[in-house]
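Residue numbers (the working numbering): 1 to 369. For every residue, glycine included, the Cβ atom is placed at its ideal position computed from N, Cα and C. Inspection log for the structure reproduced underneath, given as structure tokens.
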Ligand SMILES: Cc1cc2nc3c(=O)[nH]c(=O)nc-3n(C[C@H](O)[C@H](O)[C@H](O)COP(=O)(O)O)c2cc1C
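Dropping the structure here:
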């Protein structure tokens, strides 16, 4: 279904199952794990165009690329064409080896929207097109866009914004099927994503624009639902991969099998190792890993008790030791859930406030830098 080469302008990626840029989450170690499990393209966490001139250690950490990463995208947001163009140019001048650049027109975080960035941009289709055009002129890599259906439920601009972006030369349009005022528990509006895709296709004329659906993709079934109901060329995975990077393999190879405990442990320990390599052994590394650990153990027996323990871990050695101790008592044939769709329904995937805080924390991570 999606396991075939996917073209972004002159860049070919292996498939159309993409890992979204995830503030506070899509760092080098997590991207490596998702790439190994099949993600066709992964992204650096969202950058602020206005913040690009100020570069320090944290910003360096954000834009790092591991030598093993086959292909990599960056994502940036900016309120004005000239700000985005300058931010994109600086990113290239810093010598960051990214293969494609996405413009974020969907971030709902107050601080970002208040500056006219993220989802504030979808209020003005003409401005959206101008921001994209200026960015395309500033860089020589494929430029893409990610939008929401509109700013509010009663202010839906998806057709006009999609058409403006397709006309201005977006190589790929990702539509998250919610408006800015929706919570994660609001359903994804497949029909409205489809409307946006149709408008983009019509505006692009003979030029191919890749159309990618985003929102509530938690397993093969929901990926298929996105493809069937919107006619998308690819899917972008967000919350569905938290603690569940196997989702890429499941969608690409069209199966619903959950990993055995030993397969699960193998991947989690590899993530621990990549994390330790990147952040080095220490308190900062352990704190950054805690959320992954909470996501990884969700759905397994005794994970509630482990949660309390996890909030105390202070080093990656401790993380490793707790994990081994925990997995040791689980029978290998145990799967997280009998029914994989249960996975999507757990609290792990709908702590809206936790997610929003995390997103915000991720954003502050570079905003404050
Ligand atoms: C922790 C977190 C961080 C996110 N960071 C970004 C980001 O940096 N850029 C972006 O375009 N979207 C970001 N998003 C939004 C997701 O990419 C996606 O559009 C949204 O979560 C809907 O998809 P889902 O229902 O599959 O999670 C983030 C979401 C979460 C939960």
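Residues in the same chain with beta-carbon distance under 6 Å from residue 49, minus the five sequence neighbours each way, listed in chain order, please.
Around residue 49: 76, 78, 83, 84 and 87.
Just verifying my parser: in three-state terms, what is the DSSP assignment at residue 18?
Taken through DSSP and simplified to helix, strand or coil, residue 18 comes out as strand.
Could you check what DSSP says for residue 211 in three-state terms: helix, strand or coil?
Residue 211: strand per DSSP, three-state reduction.
For residue 68, the three-state DSSP class (helix, strand or coil):
DSSP places residue 68 outside both helix and strand once states are collapsed to three, so it counts as coil.
Does the stretch 304-322 come close enough to the stretch 224-236 to have 3 or more Cβ pairs within less than 8 Å?
No, they do not touch.
Residue burial classification, residue 287 (beta-carbon count within 10 angstroms, cutoff 16):
By the neighbour-count rule (16 or more Cβ atoms within 10 Å), residue 287 is not buried but exposed.
Can the beta-carbon of residue 81 be found closer than 7 Å to that of residue 134?
Yes. Within cutoff.
With DSSP collapsed to three states, give me the class of residue 122.
Looking at residue 122 - three-state DSSP - the assignment turns out to be helix.
What separation, rounded to the nearest whole angstrom, lies between the Cα atoms of residue 150 and residue 253?
Residue 150 and residue 253: Cα-Cα distance of roughly 33 Å.
I want to know whether the stretch 247-263 touches the stretch 274-293 - three or more CB-CB distances under 8 Å.
No, the stretch 247-263 is not in contact with the stretch 274-293.
Using 6 Å as the cut-off, classify the Cβ of residue 215 as near or not near the heavy atoms of ligand 1, replying yes or no.
Residue side-chain check: residue 215 places its Cβ nearer than 6 Å to a non-hydrogen atom of ligand 1.
Beta-carbon within less than 6 Å of residue 180's beta-carbon, same chain only, minus the 5 sequence neighbours each way: which residues are those?
Apart from sequence neighbours up to five positions away, the residues of its chain that approach residue 180 with a beta-carbon distance below 6 Å are 108, 119, 148 and 151, ordered along the chain.
Starting from residue 237, trace the beta strand (DSSP E) in both directions and tell me its first and last residue.
First-last of the beta strand (DSSP E) with residue 237: 234-237.
Could you pull the start and end residues of the beta strand (DSSP E) that residue 7 belongs to?
It spans 6-8 - the beta strand (DSSP E) in which residue 7 sits, taken as one unbroken run.
Report the three-state DSSP secondary structure of residue 79 (helix, strand or coil).
Three-state result, residue 79: coil.
My output table needs one value for residue 191: the three-state DSSP class, helix, strand or coil.
Residue state, collapsed to three classes: helix.
Determine the direct distance from the alpha carbon of residue 174 to that of residue 187, and round the result to whole angstroms.
Going from the Cα of residue 187 to the Cα of residue 174 covers about 17 Å.
Give the straight-line distance between the Cα atoms of residue 60 and residue 73, rounded to the nearest whole angstrom.
Rounded to whole angstroms, the separation of the alpha carbons of residue 73 and residue 60 is 15 Å.
Could you tell me which residues DSSP puts in a beta bridge with residue 175?
Assignment of beta-bridge partners to residue 175 by DSSP yields 147 and 213.
Given that a residue counts as buried once 16 or more other Cβ atoms are within 10 Å of its Cβ, and exposed if not, what is residue 183?
It counts as exposed.
Would the beta-carbon of residue 238 be found less than 6 Å away from any heavy atom of ligand 1?
Flag set: Cβ of residue 238 near ligand 1.
Can you list, in chain order, the residues of its chain with a C-beta nearer than 6 Å to that of residue 123? Leave out the 5 residues immediately preceding and following it.
Answer for residue 123: 151, listed in chain order.
For residue 366, does the three-state DSSP call read helix, strand or coil?
With a pLDDT of 34 at residue 366, under the threshold of 50, the modelled position of that residue is not reliable, and the figure given next carries that caveat. Here DSSP, grouped into helix, strand and coil, assigns residue 366 to helix.
Simplified DSSP state of residue 250, which is helix, strand or coil:
In the structure shown, residue 250 sits in a helix (DSSP, three-state: H, G or I).
Terminal residues of the alpha helix (DSSP H) in which residue 318 lies:
Residue 318: member of the alpha helix (DSSP H) spanning 316-328, first to last residue.
In terms of residues, what are the limits of the alpha helix (DSSP H) holding residue 105?
Note, residue 105: premise wrong, no alpha helix (DSSP H); beta strand (DSSP E) at 100-105.
Backbone secondary structure at residue 260 - three-state DSSP:
Note: residue 260 maps to coil in three-state DSSP.
Just tell me which of 245, 69 and 218 has its CA closest to the CA of residue 263.
Distances from the CA of residue 263 to each of 245, 69 and 218 were compared; the closest alpha carbon is that of 245.
Assigned exposure category for residue 67 - 16 Cβ within 10 Å defines buried
Burial call: exposed.
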